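Below is one structure; the comments refer to it alone.
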Amino acid sequence: MHPALLALETHFSPSTLSQIKHELLTQHRIELWLKRDDCLHSIISGNKWRKLKYHLNHALAVKATTLISMGGAYSNHLHALAYLGQRLHVKTVAYIRGEQPARLTPTLRDVLDWGMTLHFISRTDFRLLRYATPTELFMPLQATDYWLPEGGAHTLALLGVGELVTEITEDFDVLCAPCGTGTTLAGLIAAVPAPCQVLGFAAVRHGQFLTRDITKLLPHTYTHWSVNTAYDFGGFAKTSPALLHFIAAFERQHAIPLEPVYTGKMLYGVFDLIRQGYFAPGTKIIALHTGGLQGNRGFTRD
Ligand SMILES: Cc1ncc(COP(=O)(O)O)c(C=O)c1O
């Protein structure tokens, strides 16, 4: 590992396991624990460090001087990348979905402060860029440029995600995580041995593509995983009064901050499945808190 990354990691806090106590869990004889990756770092929190670590290690090893990526106006990925670029003295550039807004989001203001260069592109180009590179669409990448696909979706990201699994010393039956690109889930699938199950919760609409994308990222065929698409709440970053109510009650009861884009939706889904009797009595579930709390600045709460 590059010394600059090791030095950064010394400032991280541990990601602990918090047991969630709730009468529904007692009723159904389910144990639920939350792996607190949101606690790792105030900015590079959750799955961001897990997914970026080995990308950055590779970029530094090949002496890249610019990291280029893509994301939305509230992107946790770009937020972490811009900060890391500043800390590692590497330039960062990002393609942002949609027209430049008259007033930048707090996320974009932060990334600009950390020195990231922004290019706003149409939603059509953004969709194309998901499965291409800037060279194929806009301009040639230089030899010292390092391209990170949306959400760091690349096999390199799986290594860092796998490390979080090695930190779990408890036995468990099911490991749950929210899915955007599915990269985090792919890392968990590759690292968790069967018969433990890995269960993803799609945070995006039409999440059926996730099964295909995750399968592509995986080095082998695995059968101990699935993606539930029933809790997307109408699409990426869409919410409902029921979801916001669930999140507010959870935060009050457990003093654990959530956000409604990823971890909030996953936990709503986990509780709903428990209520439906989906998990056998005696099941021990670990759910991954993937952080992203900076994204809360995009939501107004009652
Ligand atoms: C906070 C948070 N949680 C979960 C995810 C979903 O991760 P993935 O894209 O690896 O499925 C993301 C997106 O990267 C995220 O920012």
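FYI, the numbering for the sequence shown is -9 to 292, going by the numbering used here.
Where a beta carbon is used, it is the ideal one built from N, C-alpha and C, also for glycine.
What you are looking at is a predicted structure, and each value in this text was computed from that prediction instead of being measured.
Give the secondary structure of residue i by DSSP, where H, G and I count as helix, E and B as strand, and everything else as coil.
{"i": "R87", "result": "strand"}
{"i": "D292", "result": "Here the model assigns D292 a pLDDT of 48, short of 50, so the residue's position is not dependable, and the following value carries that caveat. Coil."}
{"i": "W39", "result": "helix"}
{"i": "G75", "result": "helix"}
{"i": "T95", "result": "coil"}
{"i": "K255", "result": "helix"}
{"i": "P4", "result": "coil"}
{"i": "A176", "result": "helix"}
{"i": "G142", "result": "helix"}
{"i": "V217", "result": "strand"}
{"i": "F236", "result": "helix"}
{"i": "T229", "result": "coil"}
{"i": "I158", "result": "coil"}
{"i": "V151", "result": "helix"}
{"i": "Y44", "result": "helix"}
{"i": "G285", "result": "helix"}
{"i": "L(-4)", "result": "helix"}
{"i": "R117", "result": "helix"}
{"i": "A270", "result": "coil"}
Taking the alpha-carbon positions, what's the residue i to residue j distance?
{"i": "M(-9)", "j": "P271", "result": "42 angstroms"}
{"i": "P168", "j": "A(-3)", "result": "29 angstroms"}
{"i": "K274", "j": "L15", "result": "10 angstroms"}
{"i": "L200", "j": "G172", "result": "6 angstroms"}
{"i": "L68", "j": "Q187", "result": "30 angstroms"}
{"i": "D292", "j": "N286", "result": "Only weak support exists for where D292 lies, its pLDDT of 48 falling under 50; the value from the coordinates is given anyway. Rounded to the nearest angstrom, the two C-alpha atoms are 13 angstroms apart."}
{"i": "V164", "j": "L189", "result": "7 angstroms"}
{"i": "A92", "j": "T56", "result": "27 angstroms"}
{"i": "A245", "j": "Q90", "result": "36 angstroms"}
{"i": "L94", "j": "L42", "result": "25 angstroms"}
{"i": "L46", "j": "W104", "result": "17 angstroms"}
{"i": "E160", "j": "R26", "result": "14 angstroms"}
{"i": "L138", "j": "R19", "result": "43 angstroms"}
{"i": "I111", "j": "Y64", "result": "15 angstroms"}
{"i": "V182", "j": "V194", "result": "24 angstroms"}
{"i": "A84", "j": "P130", "result": "15 angstroms"}
{"i": "K255", "j": "G142", "result": "21 angstroms"}
{"i": "E153", "j": "D28", "result": "15 angstroms"}
{"i": "T211", "j": "T205", "result": "7 angstroms"}
{"i": "I10", "j": "E241", "result": "11 angstroms"}
{"i": "Y136", "j": "Y252", "result": "27 angstroms"}
{"i": "R99", "j": "K228", "result": "23 angstroms"}
{"i": "H279", "j": "C166", "result": "9 angstroms"}
May I ask you to list the residues that DSSP assigns as paired with residue i?
{"i": "I10", "result": "L22"}
{"i": "L57", "result": "T82 and Y136"}
{"i": "H279", "result": "R26"}
{"i": "T107", "result": "V83"}
{"i": "L165", "result": "V188 and I276"}
With burial defined as no fewer than 16 other Cβ atoms inside 10 Å of the residue's Cβ, what is the status of residue i: buried or exposed?
{"i": "E157", "result": "exposed"}
{"i": "F2", "result": "exposed"}
{"i": "Y221", "result": "buried"}
{"i": "A72", "result": "buried"}
{"i": "G177", "result": "buried"}
{"i": "Y121", "result": "exposed"}
{"i": "H235", "result": "exposed"}
{"i": "E249", "result": "buried"}
{"i": "G225", "result": "exposed"}
{"i": "E13", "result": "exposed"}
{"i": "G36", "result": "buried"}
{"i": "L118", "result": "exposed"}
{"i": "K38", "result": "buried"}
Can residue i be considered in contact with ligand 2, in the sense that its beta carbon sits closer than 7 angstroms to one or more heavy atoms?
{"i": "P168", "result": "Judged by which ligands are present, ligand 2 is missing from the structure shown, whose ligands are ligand 1."}
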